[in-house]
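*Asks:* Before I ask anything, let me first share the structure, which is written out below as structure tokens.
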Amino acid sequence: MEQFLQLPLYQLRSVNMKIPKDLVAQAEGPQDYSNVSNQEKTSMSEEERFAEEQARRRQEEFVRQAVEEARIKKEAEVLLQMSQRAYGRGVYDKSVEMLEAALTKVPGNSNLGGEIQVWLAMAYDAVGRHADCIALYKRLEGTHPNNNLRKQAADLRYIAEAPKLKISRDEMVKVPLIEKDYDR
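Heads up: the sequence shown at position 50 corresponds to 50 in UniProt numbering, and the numbers run straight through without jumps.
Okay, structure coming up:
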């Protein structure tokens, strides 16, 4: 393995064998090329300049992707917050619409995706899509990687599947509305 450390990176990659990542990192050297002097740059071979340019492009692409993913995640978070407000005000159909849009932006197996799905299941139940609600809870319960979220989905499914009490209007508690506009 020692003889491979002496080879330039482009030759290392042409060897048909698995090379441990630490050895590749050692062979690549530092990834910051800003401190390379002009004299050193002119003495670089064409392959080294090409490899340096490729590394710079890969890093730029990685940064661009990271920025785009952060923007999309932020959009999903905003949609989740707006849907929670709509749910709290009783506008369940709008909440479902926003939650479904948010779920298209993030992976369902992420923590944010799981939280969106829990809220979506509650909104489904509120608009009368009980079967969709139970199916979503079961899917979360069985497949989501976050243990806490799986337990929460199981608990909420248990509540959603509980038999509904049949009570008349006379048996219901009447709560007077407070006429202040705190939430508007």
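All C-beta atoms, glycine included, are put in the ideal place defined by N, C-alpha and C.
Because the structure is a prediction, the values reported are computed rather than measured.
I believe Y87 touches A123 by the beta-carbon criterion, under 8 Å. Please report the beta-carbon distance rounded to the nearest angstrom.
*Replies:* Yes, Y87 and A123 are in contact; Cβ-Cβ is about 6 Å, under 8 Å.
*Asks:* Which value, in whole angstroms, describes the spacing of the CA atoms of V67 and E60?
*Replies:* Whole-angstrom Cα-Cα distance: 11 Å.
*Asks:* Three-state secondary structure (DSSP) at S83?
*Replies:* If DSSP states are grouped into helix, strand and coil, S83 belongs with the helices.
*Asks:* For I134, which option in T104, G114 and E161 has the closest C-alpha, if you only look at C-alpha atoms?
*Replies:* Nearest of T104, G114 and E161 to I134, Cα basis: E161.
*Asks:* Can you give me the C-alpha to C-alpha distance between A153 and R169, rounded to a whole angstrom?
*Replies:* Between A153 and R169, the C-alpha separation is close to 31 Å.
*Asks:* Q117 and L140 look like a contact to me (Cβ under 8 Å); what is the Cβ gap, rounded to whole Å?
*Replies:* Sure, about 6 Å apart at Cβ, within 8 Å.
*Asks:* Give me, in chain order, the residues of the same chain whose beta-carbon lies closer than 8 Å to that of K164; leave out the 5 immediate sequence neighbours on both sides.
*Replies:* Answer for K164: no residue qualifies.
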